[in-house]
Amino acid sequence: MRMRMNQIVKAASAAAFAVALCASDLSAQTAFAGQNVPYETYTYDYYEDIKYTPAAYIPDGALTGAKIGCGDFLSPQDLNTDEDGNVYIADTGNSRVVVLDSSMKLVRVIDSFDNGGTEDHFSSPQGVYKSMSGNLYIADSGKNRVVELDGDDKLVQIIENPQSDVLAEGYVFTPLKVAVDYADRVYVIAQNQFEGIMAFDEAGQFIGFTGTIKVQISPWQIFWRRFSTREQRARQQLFIPTEFTGMEIDEDGFVYATNVDSEGQQSVRRLNPSGEDVIQQTAVPLSGDLDWRLSGASRIVDVVVRNQGIYSILDSSRGRIFTYDHEGNLLYIFGGMGSQEGTFTTPVAIDTIGEQVLVLDSNKNLIDLFKPTAYGSLINQAVGLRYDGDEVQAVECWREVLKLDSNFELAYTGIGKSYLAAGDNKEAMRCFKIGNNKQYYSIAWKRYRNEILKDHLNAILTLVIVLAVLLVVWKKVLKKKVLQIRRERRMSNV
133 MRMRMNQIVK AASAAAFAVA LCASDLSAQT AFAGQNVPYE TYTYDYYEDI
183 KYTPAAYIPD GALTGAKIGC GDFLSPQDLN TDEDGNVYIA DTGNSRVVVL
233 DSSMKLVRVI DSFDNGGTED HFSSPQGVYK SMSGNLYIAD SGKNRVVELD
283 GDDKLVQIIE NPQSDVLAEG YVFTPLKVAV DYADRVYVIA QNQFEGIMAF
333 DEAGQFIGFT GTIKVQISPW QIFWRRFSTR EQRARQQLFI PTEFTGMEID
383 EDGFVYATNV DSEGQQSVRR LNPSGEDVIQ QTAVPLSGDL DWRLSGASRI
433 VDVVVRNQGI YSILDSSRGR IFTYDHEGNL LYIFGGMGSQ EGTFTTPVAI
483 DTIGEQVLVL DSNKNLIDLF KPTAYGSLIN QAVGLRYDGD EVQAVECWRE
533 VLKLDSNFEL AYTGIGKSYL AAGDNKEAMR CFKIGNNKQY YSIAWKRYRN
583 EILKDHLNAI LTLVIVLAVL LVVWKKVLKK KVLQIRRERR MSNV
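With this note's numbering, letter number 243 in the sequence shown gets 375, and the count goes up by one each step, no holes.
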């Protein structure tokens, strides 16, 4: 009992520290969760029903090429940020890369480089990525190559015309997106390449495909194709591997990649060096909207890996941003289609600087900026503490979240885990029940059952012994009674 009290006292002390931590981190926030936004903000509960929520992020201005001072963007297709907060924009229509600092001020424009003494220009670059080593990689789509430049914008190497037995004869290499891991392995999403993401070593040599996703064909589809005419088969969907749309590398070297999924089951993967998907997920699909039967599944086009296991994916069909934690729990949704600030017409890329979210719109030719509200910041902080294993310190952040949104199920799970760590299994059961977390409810129930048995073991053993003695006595009394009745019957018969 004393040990349990010590645990609870420690939990209370940590919780008090977390209160101060949450308060200090949010004191500078000027955005409020109830602030009006030009889009719906919601999430899904355990039963996959929509639950409207306060806004986790609100619009925080927009950047155009003219505002930056480099002239208007023209159909930009990608953006990337580095650890210093610099922003790199693939301004596709203008065949250039625009570089901004963390204050969104223009640093330079890269539209050419020295290639063996000759001035070489880009042609419709659609992807850009700053590696951990500091080099800049440009998917120069119009010239069928990936260009690597160093920190001084000098040419390091050009990756083009890959050769391999696994590539079809006459294959034309047209890179669309590029990403680079800590070992300088280069990953490329290429046009009309459905075998997976193309991987190159640090010297630019093609080493194979990673993350190939095979389409599953149902028995009905097989039957229909067998008995359909040539014209009918031509109109049917081609059963080819799924198309990748965007990617980013996390700090551990895993590739987060988005893909087209017309079934709305999984549109983001975390690929290890062997190309296996090791992403964690709940029973809820990792594919954006769940209620889409009448309007089609979300088309996820890009992903950004954020701090402490959080990642966000971008839906180009409805202009929404879906954010998940490292376990695949949906945290919040924001964004939408439209002409107002903070809405999109053709969102194509997403990235972050700290908690700030940047979304590139290729039709509006601008970058939309979003900042977190107190509600969104509390969720980010609580998830971060939980990711670091500080369940107890996260509890007060979760309590603050529930003050703003009493239906946030993950908050109940977070609070329940803190009670579980403190040994208060009964209260943990209550929280897990409200949060619809059956897995942890089962754990708490088993611990609570064992706790009851342990606390009442002496009484239970005493009761069992007494019942056993009474049963023996009862059997003896009953046996004696039966013998007496039989004796009396024999006597009466005589």
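Idealized CB from N, CA, C, for every residue including glycine.
{"Query": "Same chain, Cβ closer than 7 Å to G470, neighbours up to 5 away in sequence not counted", "Result": "P170"}
{"Query": "Three or more C-beta pairs below 8 Å linking the stretch 483–494 and the stretch 416–426", "Result": "no"}
{"Query": "Cutoff 6 Å; reference T213; Cβ partners in own chain excluding five residues on either side", "Result": "V219, D483 and I485"}
{"Query": "Rounded distance between the beta-carbons of R425 and D447, thought under 8 Å", "Result": "The Cβ separation is near 16 Å, so there is no contact."}
{"Query": "Cβ shell of T455 (< 6 Å), same chain only, five flanking positions each side left out", "Result": "S444, L463 and Y464"}
{"Query": "Classification of Y261 by the beta-carbon crowding that lies within 10 angstroms, buried from 16 upward", "Result": "buried"}
{"Query": "Pick from F476, K237 and Y519 that is closest to F502, judged by C-alpha positions", "Result": "F476"}
{"Query": "Buried or exposed (CB count within 10 angstroms, at least 16 for buried), I329", "Result": "buried"}
{"Query": "Beta-carbon gap between G468 and G451 smaller than 8 Å", "Result": "yes"}
{"Query": "As assigned by DSSP and simplified to three states, the class of K237", "Result": "coil"}
{"Query": "Per-residue burial, V387 [other beta carbons within 10 Å of its own, 16 or more giving buried]", "Result": "buried"}
{"Query": "Residue closest to R228, alpha-carbon to alpha-carbon, out of E292, S273 and P191", "Result": "S273"}
{"Query": "Alpha carbon of M623 to alpha carbon of L615, nearest angstrom", "Result": "12 Å"}
{"Query": "Helix, strand or coil at T545 [DSSP, three-state]", "Result": "helix"}
{"Query": "Buried/exposed call for K309, threshold 16 Cβ in 10 Å", "Result": "buried"}
{"Query": "Length of the line joining the Cα atoms of L403 and C563", "Result": "34 Å"}
{"Query": "G193: first and last residue of the uninterrupted alpha helix (DSSP H) it sits in", "Result": "First-last for G193: Y189 to T196, but that is the beta strand (DSSP E), not the alpha helix (DSSP H)."}
{"Query": "Selection from F245, V230, D246 and N247 that minimises the alpha carbon distance to V239", "Result": "V230"}
{"Query": "Sufficient close CB pairs (3 or more, under 8 Å) joining the stretch 249–265 to the stretch 306–321", "Result": "yes"}
{"Query": "A514 versus D181: straight-line alpha-carbon distance, rounded", "Result": "24 Å"}
{"Query": "Span of the alpha helix (DSSP H), counted from its first residue to its last, around Y507", "Result": "A506 to Y519"}
{"Query": "Rounded Cβ spacing between Y572 and K558 (contact assumed at less than 8 Å)", "Result": "That belief does not hold up - the Cβ atoms of Y572 and K558 are roughly 14 Å apart, past 8 Å."}
{"Query": "Rounded straight-line distance, which links the Cα of A198 to that of G340", "Result": "42 Å"}
{"Query": "Neighbour-count burial assignment, L602, 16 or more Cβ in a 10 Å radius", "Result": "exposed"}
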